[in-house]
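Here is the structure we will look at, set down as structure tokens.
Number of protein chains: 2
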Amino acid sequence: MEKVSDRRRFLKNGAVLAGLAVGAARAAGGETLESEATEIRPKDLHAYGERSRFENSIRTGSLGTWPQLTSPPDYHKDFGFRTPLQDSIGILTPAPLHYIVSHGYEPPDIDPHEHHLLIHGMVDHPLLFTLEDLRRLPSVTRTHFVECNGNSAPTGPTGAIRRGPNANAQDTHGLTSCSVWTGIPTSLLLKQAGVQAGAKWIIAEGAEKGKHSKSIPIEKALDDMFIAYGQNGEAIRPEQGYPLRLLVPGWEGINNVKWLRRIKVVDEPVMAMRETTKYPSLRLDGKARWFQSQLGPKSVITRPSGGQKLSGPGFYEISGLAWSGGGAITKIEVSTDGGRNWKIAEVQGPTYPKAHTRFGFAWEWDGTETLLQSRATDDQGEVQPTVAEIAEFWRVKPDFFQTTDTVVGHFNAIQPWKVNRDGSIQNAMNF
Amino acid sequence: MEKVSDRRRFLKNGAVLAGLAVGAARAAGGETLESEATEIRPKDLHAYGERSRFENSIRTGSLGTWPQLTSPPDYHKDFGFRTPLQDSIGILTPAPLHYIVSHGYEPPDIDPHEHHLLIHGMVDHPLLFTLEDLRRLPSVTRTHFVECNGNSAPTGPTGAIRRGPNANAQDTHGLTSCSVWTGIPTSLLLKQAGVQAGAKWIIAEGAEKGKHSKSIPIEKALDDMFIAYGQNGEAIRPEQGYPLRLLVPGWEGINNVKWLRRIKVVDEPVMAMRETTKYPSLRLDGKARWFQSQLGPKSVITRPSGGQKLSGPGFYEISGLAWSGGGAITKIEVSTDGGRNWKIAEVQGPTYPKAHTRFGFAWEWDGTETLLQSRATDDQGEVQPTVAEIAEFWRVKPDFFQTTDTVVGHFNAIQPWKVNRDGSIQNAMNF
Chain A
1 MEKVSDRRRF LKNGAVLAGL AVGAARAAGG ETLESEATEI RPKDLHAYGE
51 RSRFENSIRT GSLGTWPQLT SPPDYHKDFG FRTPLQDSIG ILTPAPLHYI
101 VSHGYEPPDI DPHEHHLLIH GMVDHPLLFT LEDLRRLPSV TRTHFVECNG
151 NSAPTGPTGA IRRGPNANAQ DTHGLTSCSV WTGIPTSLLL KQAGVQAGAK
201 WIIAEGAEKG KHSKSIPIEK ALDDMFIAYG QNGEAIRPEQ GYPLRLLVPG
251 WEGINNVKWL RRIKVVDEPV MAMRETTKYP SLRLDGKARW FQSQLGPKSV
301 ITRPSGGQKL SGPGFYEISG LAWSGGGAIT KIEVSTDGGR NWKIAEVQGP
351 TYPKAHTRFG FAWEWDGTET LLQSRATDDQ GEVQPTVAEI AEFWRVKPDF
401 FQTTDTVVGH FNAIQPWKVN RDGSIQNAMN F
Chain B
432 MEKVSDRRRF LKNGAVLAGL AVGAARAAGG ETLESEATEI RPKDLHAYGE
482 RSRFENSIRT GSLGTWPQLT SPPDYHKDFG FRTPLQDSIG ILTPAPLHYI
532 VSHGYEPPDI DPHEHHLLIH GMVDHPLLFT LEDLRRLPSV TRTHFVECNG
582 NSAPTGPTGA IRRGPNANAQ DTHGLTSCSV WTGIPTSLLL KQAGVQAGAK
632 WIIAEGAEKG KHSKSIPIEK ALDDMFIAYG QNGEAIRPEQ GYPLRLLVPG
682 WEGINNVKWL RRIKVVDEPV MAMRETTKYP SLRLDGKARW FQSQLGPKSV
732 ITRPSGGQKL SGPGFYEISG LAWSGGGAIT KIEVSTDGGR NWKIAEVQGP
782 TYPKAHTRFG FAWEWDGTET LLQSRATDDQ GEVQPTVAEI AEFWRVKPDF
832 FQTTDTVVGH FNAIQPWKVN RDGSIQNAMN F
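Protein chains in written order, with this note's numbering: chain A, 1 to 431; chain B, 432 to 862.
Okay, structure coming up:
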């Protein structure tokens with residue numbers, strides 16, 4: 001979709017941008033132009049640069065905020081660090097700010113020259129690859145989000161923060177990130193190995209101390225899954241699985257096995273811990289929904305969003321991110337009046353399936369209190385639901401989400417931000 | 432173009448990948464899988480990460496390799512640091528490795544809260560923007576290369592290195608980089624300011640001590656030019672113009688004014704130093720070609736390339752980058768036999784106009800000495816030339832390029848890499 005109408009709206013309304021016009025005399029004199037070089041930066045920044053010292057956007061989170069497993073003692077440390085989506089520009093997440101969820105110790109310190117990838121199990125020819133071997137093969141480069149299935153959940157240990165009025169976009173939605181990933185299609189390696197009759201799943205295993213493994217249907221492995229060594233034009237960062245990780249586009253983050261060392265072809269899933277205890281969705285009847293992998297459509301306005309402040313009435317482009325595990329985002333609607341009216345937002349192309357998609361919506365703030373909301377639709381026709389609709393799906397009342405201790409995964413409700421009269425923005429998730 | 436045939440070729444030839452097949456017994460035992468966690472990483476890497484300590488790709492270059500201007504003393508320090516293209520993955524250049532060419536001191540240490548952008552000159556309403564003002568406007572996000580007009584020149588102070596057998600892709604072509612840039616179209620700001628009749632050029636000026644300025648035709652400013660504040664999903668890095676730079680897609684790097692503080696609308700170019708002394712192309716008759724801005728089609732094989740070594744005969748994907756200031760790359764051909772035969776390479780999509788484009792070509796090395804070359808064609812129909820064709824254009828003999836001290840800009844000749852019998856790769860640029 002073109003950005004023309006946004007620009008036209010700005011041109012029409014531009015005069016209301018506060019403090020924008022300058023007296024010609026002042027401009028001609030140039031007295032306002034004082035920023036210039038004052039400090040010599042260290043020489044080694046020529047070899048490998050750093051961001052400006054004035055940029056201080058960081059991941060936030062903590063170690064051990066989630067329930068600890070006690071056997072073996074101190075073995076698993078679950079922790080999550082969130083991407084500062086409120087500062088995001090475009091659709092890519094800088095690698096140093098990619099979210100981290102880890103069930104185990106810190107990232108392993110892997111020497112890539114000593115790392116191998118093994119393809120084995122129900123195959124005719126087990127294969128062992130060094131990193132150099134993989135770099136010789138035809139690669140693909142794809143833009144994809146990776147998202148924790150618990151992202152934006154109003155429940156569980158971080159639910160109270162996420163529901164609170166002071167939550168920002170990092171608190172509410174920071175367990176998703178989007179990168180350009182480069183690697184080798186899993187289908188290529190599996191075909192080379194020769195998958196045997198009766199093979200139905202693959203088990204991917206990481207090299208970290210916890211040896212996280214995940215069972216994935218072989219159909220997905222032969223579809224768009226790949227083994228990534230590159231992230232945003234360089235080697236994958238340690239927190240994202242250096243030197244190799246699985247990329248399972250559109251599926252829960254837990255599938256995208258980091259520090260990948262082994263893919264075993266099998267006839268049934270292994271039912272490892274993450275498949276049987278925490279990641280299945282527990283139903284009210286006591287049964288669990290297992291292997292619910294594909295993430296639904298979701299969106300969040302990142303600017304203006306919780307914790308930010310409008311400097312006064314006037315023109316603002318409302319900017320946000322939308323994504324879906326089902327495919328491409330085809331429609332994003334924005335409401336600036338508490339949900340009475342929804343208008344089509346403009347998509348900032350190019351767009352990619354199973355990737356963050358940036359949208360923009362021209363808005364003139366009149367200084368009154370209001371709500372800002374966005375709603376995404378994907379190319380499967382699935383529409384981002386309200387809290388009430390999610391509650392109905394789970395056959396609970398909406399206030400259930402305020403009381404349960406369980407993380408309700410796949411929570412993709414519409415996110416409302418409240419604009420106060422003083423321009424401050426607050427979380428207004430309504431249960 | 433699809434990658435299918437590359438993959439098929441790999442599947443057909445895969446067995447020749449050295450050291451790839453594994454004995455089933457060894458695989459089942461898993462004795463080869465030793466890489467795992469051994470070291471705890473510092474805690475602050477949770478807030479803002481770093482690359483693995485095993486990754487050591489850096490920019491190379493030096494301060495003051497180019498002729499110094501002596502008046503005022505020590506005022507201008509020309510220096511260049513090159514992107515390690517031989518290590519590139521996909522099309523994006525990580526921000527810490529984006530090439531740097533600077534005519535002046537180190538990057539200024541600008542506080543974004545004190546930085547302004549002024550639009551003035553032949554406009555009805557001079558405008559002054561803070562960074563926050565700009566962030567309120569409708570933005571665009573585009574993938575573009577920025578390239579120095581002297582990139583890959585075999586002449587000038589670094590010509591001898593570039594011509595030598597030990598040059599790698601960083602030495603030969605490292606003054607180009609590609610990023611995802613986010614910013615505000617210049618056309619939007621100029622329309623808002625109201626361009627007066629008779630205005631034909633804009634002058635863009637940086638905030639650094641040297642106050643580099645550049646005159647650009649207003650047609651380009653109203654076309655695809657934009658004022659960027661974002662690079663690869665975060666604020667532009669200091670070496671690339673933090674907090675604002677001009678993005679002039681497809682044109683010589685010198686136009687992409689960094690640390691941008693001012694755009695003046697005028698009726699004729701200012702004829703600043705970079706327009707009158709160094710950047711025009713000197714002709715043999717003593718006249719100079721001024722304002723030659725758009726860069727032609729160029730390509731380079733990055734893997735395998737100079738300084739790398741093939742581990743033995745077998746399958747290799749030849750991988751490289753192609754780009755053109757004229758628009759999109761429409762065809763890339765590869766020759767693996769010294770230029771006798773040229774075959775179509777596969778483009779690794781998605782592709783963007785005026786951006787690096789990744790190509791791949793399935794190759795089976797038989798262990799003999801040979802030459803690898805690539806040739807790009809853009810959507811204007813322009814074809815990357817041979818050295819002989821460039822010499823003919825300049826009306827010189829090819830060996831002229833070995834003797835002149837002047838940087839011959841826009842040198843986009845086909846780059847040959849020589850494969851020796853021992854698998855080592857050398858620069859084979861032929862004059």
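Ideal placement from N, C-alpha and C gives every residue a C-beta, glycine not left out.
Backbone secondary structure at residue i - three-state DSSP
i	result
Trp632/B	strand
Asp602/B	helix
Lys622/B	helix
Glu650/B	helix
Glu382/A	coil
Val571/B	strand
Phe411/A	coil
Gly159/A	helix
Phe54/A	coil
Gln308/A	coil
Leu500/B	Here the model assigns Leu500/B a pLDDT of 40, short of 50, so the residue's position is not dependable and the matter cannot be decided.
Val378/B	Because chain B is modelled from 432 through 862, residue 378/B falls outside the range shown and cannot be assessed.
Phe226/A	strand
Arg303/A	strand
Gln662/B	strand
Phe831/B	helix
Thr837/B	coil
Ser466/B	For Ser466/B, the predicted model reports a pLDDT of 37, less than 50, meaning its position is unreliable; a value from the coordinates is still stated below. Three-state result, Ser466/B: coil.
Phe862/B	coil
Candidates the options, of which the one nearest residue i by Cα
i	options	result
Gln432/A	Gln231/A, Val123/A, Asn149/A and Val140/A	Within the shown structure, residues of chain A are numbered from 1 to 431, placing residue 432/A beyond reach of any answer.
Leu519/B	Pro538/B, Glu486/B, Gln857/B and Leu549/B	It should be pointed out that residue 519/B corresponds to Ser in this sequence rather than to Leu. Of the listed residues, the one whose Cα sits closest to Ser519/B is Glu486/B.
Ser102/A	Ile301/A, Gly49/A and Asn255/A	Asn255/A
Gly61/A	Arg421/A, Arg51/A, His98/A and Phe226/A	His98/A
Ala355/A	Cys178/A, Asp44/A and Asn166/A	Cys178/A
Gly194/A	Gly206/A, Gly121/A and His173/A	Gly121/A
Thr406/A	Ala228/A, Leu128/A and Pro154/A	Pro154/A
Asp542/B	Glu392/A, Gly206/A, Leu127/A and Arg53/A	Arg53/A
Leu619/B	Pro525/B, Thr761/B, Thr524/B and Phe657/B	Phe657/B
Trp363/A	Glu317/A, Glu234/A, Phe401/A and Leu85/A	Glu317/A
Arg573/B	Ile845/B, Thr613/B and Pro700/B	Thr613/B
Ser209/A	His173/A, Thr186/A, Ala199/A and Asp109/A	The residue asked about is misnamed: residue 209/A is Lys in this sequence, not Ser. Minimum Cα distance to Lys209/A is reached at Asp109/A.
His672/B	Ala652/B, Glu699/B and Glu636/B	With the sequence shown as reference, residue 672/B is identified as Gly, and His is not the correct amino acid for it. For Gly672/B, the nearest C-alpha among the options comes from Glu636/B.
Val765/B	Gly745/B, Phe790/B, Gly758/B and Phe862/B	Phe790/B
Thr835/B	Gly587/B, Gly480/B and His546/B	Gly587/B
Ala388/A	Glu369/A, Trp365/A and Asn430/A	Asn430/A
Ala807/B	Lys642/B, Ile763/B and Leu606/B	Ile763/B
Pro669/B	Asn663/B, Lys651/B, Lys689/B and Pro680/B	Lys689/B
Closer than 8 Å to chain D by CB, residue i
i	result
Thr83/A	The structure shown contains no chain D; its protein chains are A and B.
Proximity test, residue i beta-carbon vs the ligand NAP heavy atom, cut-off 7 Å
i	result
Gly61/A	Ligands in the displayed structure: none, and consequently the ligand NAP is not present.
Item to check | 3 or more residues per run - each beta strand (DSSP E) lying fully within the segment 237-272 of chain A | outcome: 245-247 and 260-266
Item to check | Secondary structure, beta strand (DSSP E): runs of 3+ residues fully inside the segment 509-564 of chain B | outcome: 509-513, 531-534, 547-552 and 558-561
Item to check | Within 9 Å of chain B by C-beta, residues of the segment 90-105 of chain A in sequence order | outcome: Residues Gly90, Ile91, Leu92, Thr93, Pro94, Ala95, Pro96, Leu97, His98, Ile100, Gly104 and Tyr105.
Checklist entry - Closer than 7 Å, Cβ to any Cβ of chain B: which residues of the segment 360-377 of chain A, in chain order? => result Going along the segment 360-377 of chain A in chain order, one finds Gly360 and Ala362 with a Cβ nearer than 7 Å to chain B.
Next on the checklist: At a CB distance below 9 Å, what residues from the segment 742-774 of chain B approach chain A? Give them in sequence order.
Outcome noted: Ser742, Gly745, Phe746, Tyr747, Glu748 and Ser750
Checklist entry - Any residues in the segment 634-664 of chain B with a beta carbon nearer than 7 Å to a beta carbon of chain A? Which ones, in chain order? => result Ala638, Glu639, Lys640, Gly661, Asn663 and Gly664
Checklist entry - Taking one C-beta from the segment 684-699 of chain B and one from the segment 591-598 of chain B each time, how about it: are there three or more such pairs within less than 8 Å? => result no
Checklist entry - Quick one: complete beta strand (DSSP E) runs, 3+ long, within the segment 314-381 of chain A? => result Taking only runs of at least 3 residues, the beta strand (DSSP E) segments lying wholly in the segment 314-381 of chain A are 314-323, 329-335, 346-348, 357-365 and 370-378.
Checklist entry - Of all the residues that make up the segment 134-158 of chain A, which are near chain B by a beta-carbon distance shorter than 8 Å? => result So the list reads Arg135, Arg136, Leu137, Pro138, Ser139, Val140 and Thr141, given in the order they occur along the chain.
Next on the checklist: I want to know whether the segment 728-748 of chain B touches the segment 825-833 of chain B - three or more CB-CB distances under 8 Å.
Outcome noted: no
Checklist entry - Touch check for the segment 341-353 of chain A and the segment 117-135 of chain A: three-plus C-beta pairs under 8 Å? => result no
Checklist entry - Of the residues that make up the segment 164-175 of chain A, which ones have a beta carbon closer than 9 Å to any beta carbon in chain B? => result none
Next on the checklist: Residues of the segment 391-416 of chain A in Cβ contact with chain B at a cutoff of 9 Å, in chain order, please.
Outcome noted: Listed by position, the residues of the segment 391-416 of chain A near chain B (Cβ gap below 9 Å) amount to none.
Checklist entry - Counting pairs of beta carbons, one from the segment 414-421 of chain A and one from the segment 322-333 of chain A, are three or more of them closer than 8 Å? => result Note that the segment 414-421 of chain A does not touch the segment 322-333 of chain A; fewer than 3 beta-carbon pairs, one per stretch, sit closer than 8 Å.
Next on the checklist: If the cut-off is 8 Å on Cβ atoms, which residues from the segment 848-859 of chain B count as contacting chain A, listed in chain order?
Outcome noted: Of all residues in the segment 848-859 of chain B, none has a C-beta nearer than 8 Å to a C-beta of chain A.
Checklist entry - Between the segment 476-492 of chain B and chain A, which residues of the former have a C-beta closer than 8 Å to a C-beta of the latter? => result Leu476, His477, Ala478, Tyr479, Gly480, Glu481, Arg482, Ser483, Arg484, Phe485, Glu486, Ser488, Ile489, Arg490, Thr491 and Gly492
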